Amino acid sequence: EDKVVQSPLSLVVHEGDTVTLNCSYEVTNFRSLLWYKQEKKAPTFLFMLTSSGIEKKSGRLSSILDKKELFSILNITATQTGDSAIYLCAVEGRRGTYKYIFGTGTRLKVLA
Amino acid sequence: DTGVSQDPRHKITKRGQNVTFRCDPISEHNRLYWYRQTLGQGPEFLTYFQNEAQLEKSRLLSDRFSAERPKGSFSTLEIQRTEQGDSAMYLCASSLGTVSYEQYFGPGTRLTVT
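Structure representation (structure tokens):
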């Protein structure tokens, strides 16, 4: 059965710290992996990854995919209190289905 | 607001009642998804439409759940004979054409079954 596992489940850091969030997956015919940020409402899109070793970057956030080892990481540098959220990873499990399997998320809390 | 909208935002119902939720996707988006999210979990896929065609339905979706997208625009999700286990946030998302990865989520409908 396809599955997506995120770790850690929760994390508390102080402003300015760097964090690394992990997402590992077991799916049939991998197509894409997505990262979302969810605050108190709907998830908002961060990154889409399809190729190994190519870093995607947006400001203080960056992400990379390893298709051989079946995982992705999301890095946040110089964290701010506004980064506090749940970070979700989702993987398209079967090519062409456009059906995404989400992990349980990592709850990040950044303290001032 | 040109984003995905959902109505109602909150629904409290008694066990055994039927409820219906509506989702209006971004107007040019031809793909529409329904997810269910419970506390501490990521969204669980329920069903997916391409235009008006329902292409996939999760095994999680019992026969009490039905979804429609009659004209390829808005969609409705109906739950019949609600149970307490149906209490959750129901999220709708839409995406455009072959660029399927970037799903835009609506604010969700929070269902509480008492």
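Residue numbers (this note's numbering), protein chains in the order written: chain A, 1019 to 1130; chain B, 604 to 717.
Positions of the beta carbon are idealized from the N, C-alpha and C atoms, including for glycine.
Nothing here was measured: the structure is a model prediction, and the numbers come from that model.
| query | Among all the DSSP beta bridges, which residues are the ones paired with Leu1079 of chain A? | reply | In the first sequence, residue 1079 of chain A corresponds to position 61, counting from 1. In the DSSP output, where bridge partners are listed per residue, Leu1079 of chain A has A:Ser1076, A:Ile1094.
| task | Would you list, in chain order, the members of the stretch 641 to 663 of chain B that have their beta-carbon closer than 9 Å to a beta-carbon of chain A? | result | Gly643, Gln644, Gly645, Pro646, Glu647, Phe648, Tyr651, Gln653, Leu658, Glu659, Ser661
| Whole-angstrom distance between Gly645 of chain B and Val1031 of chain A, CA atom to CA atom | Position 13 of the first sequence, counted from the start, is the residue given in the question as residue 1031 of chain A. Position 42 of the second sequence, counted from the start, is the residue given in the question as residue 645 of chain B. Rounded to whole angstroms, Val1031 of chain A to Gly645 of chain B spans 22 Å at the Cα level.
| Alpha carbon to alpha carbon, what distance is there between Glu1110 of chain A and Thr650 of chain B? | Along the second sequence, read from residue 1 onward, the residue named residue 650 of chain B stands at position 47. Along the first sequence, read from residue 1 onward, the residue named residue 1110 of chain A stands at position 92. Approximately 14 Å, taken between the alpha carbons.
| query | So the beta strand (DSSP E) Ala1060 of chain A belongs to, where does it begin and stop? | reply | Along the first sequence, one-based indexing puts residue 1060 of chain A at 42. Following the DSSP letters along the chain, one finds Ala1060 of chain A in no beta strand (DSSP E), marked with neither H nor E.
| request: Mind checking which residues open and close the beta strand (DSSP E) that includes Lys1055 of chain A? | output: Here residue 1055 of chain A refers to the residue found at position 37 when the first sequence is read from its first residue. Note, Lys1055 of chain A: beta strand (DSSP E), 1051 to 1056.
| chain A residues whose Cβ lies nearer than 9 Å to that of Pro710 of chain B | Here the question's residue 710 of chain B lines up with position 107 in the second sequence. Correct list: Lys1059, Ala1060.
| task | Mind checking who Gln620 of chain B pairs with in its DSSP beta bridge? | result | As a first step, residue 620 of chain B is located in the second sequence; it is residue number 17 there, counting from the start. Beta-bridge pairing links Gln620 of chain B to no other residue.
| Contact the stretch 1090 to 1110 of chain A vs the stretch 1061 to 1079 of chain A: 3+ CB pairs below 8 Å | yes
| request: Using a Cβ cut-off of 9 Å, pull out every chain B residue sitting near Tyr1043 of chain A, in sequence order please. | output: As a working note, residue 1043 of chain A is residue 25 in the first sequence. Near Tyr1043 of chain A there are no residues of chain B at all, since even the closest Cβ is about 12 Å away, more than 9 Å.
| query | From what residue to what residue does the beta strand (DSSP E) around Asn1040 of chain A run? | reply | Here residue 1040 of chain A corresponds to residue number 22 of the first sequence, with the count starting at 1. Counting along the chain, the beta strand (DSSP E) containing Asn1040 of chain A begins and ends at 1037 to 1044.
| message | Only counting the same chain, and skipping five residues up and downstream in sequence, which positions put a Cβ closer than 7 Å to that of Ser1102 of chain A? | response | What you label residue 1102 of chain A is simply residue 84 of the first sequence in a count that begins at 1. The residues are Leu1126, Lys1127, Val1128.
| request: Report all residues from its chain with a CB closer than 8 Å to the CB of Leu642 of chain B; omit the five preceding and five following residues, and keep chain order. | output: Working through the second sequence from its first residue, we reach residue 642 of chain B at position 39. So the list is empty, once near-sequence residues are dropped.
| Does any C-beta atom of chain A lie closer than 7 Å to the C-beta of Glu631 of chain B? | Start at 1 with the first residue of the second sequence, and residue 631 of chain B comes out as number 28. No, because no Cβ of chain A sits closer than 7 Å to the Cβ of Glu631 of chain B.
| Whole-Å CB distance - Thr717 of chain B paired with Lys617 of chain B, under 8 Å assumed | The count along the second sequence starts at 1 and reaches residue 717 of chain B at position 114. The count along the second sequence starts at 1 and reaches residue 617 of chain B at position 14. The Cβ separation is near 6 Å, so the contact holds.
| query | Does the distance from the C-beta atom of Ser678 of chain B to that of Arg672 of chain B stay below 7 Å? | reply | Counting from one through the second sequence, the residue named residue 678 of chain B turns up at place 75. Counting from one through the second sequence, the residue named residue 672 of chain B turns up at place 69. Yes, these two residues count as a Cβ contact at 7 Å.
| message | So that I know if they touch, is there some Cβ in chain B lying closer than 7 Å to that of Gly1121 of chain A? | response | For this step, residue 1121 of chain A is matched to residue 103 along the first sequence. Gly1121 of chain A counts as touching chain B.
| field | Span of the beta strand (DSSP E) around Lys1021 of chain A | value | As a position in the first sequence, residue 1021 of chain A is number 3, starting the count at 1. Per DSSP, Lys1021 of chain A belongs to the beta strand (DSSP E) from 1021 to 1025.
| query | Which residues in the same chain as Gln687 of chain B place their Cβ atom closer than 8 Å to its Cβ, once the five residues preceding and following it in sequence are excluded? | reply | Along the second sequence, read from residue 1 onward, the residue named residue 687 of chain B stands at position 84. These residues qualify, in order along the chain: Arg618, Val716, Thr717.
| Using DSSP with H/G/I as helix, E/B as strand and the rest coil, what is Thr712 of chain B? | If you number the second sequence from 1, residue 712 of chain B lands on position 109. Note: Thr712 of chain B maps to strand in three-state DSSP.
| field | Within-7 Å CB hit, Lys1085 of chain A to chain B | value | In the first sequence, the residue the question calls residue 1085 of chain A occupies position 67. Interface annotation, Lys1085 of chain A: not in contact with chain B, CB-CB separation never under 7 Å.
| request: For my contact list, Leu1088 of chain A and Glu1044 of chain A are in at a C-beta cut-off of 8 Å; report their separation, rounded to the angstrom. | output: The residue given as residue 1088 of chain A occupies position 70 in the first sequence. The residue given as residue 1044 of chain A occupies position 26 in the first sequence. About 7 Å separates the two Cβ atoms, so the contact holds.
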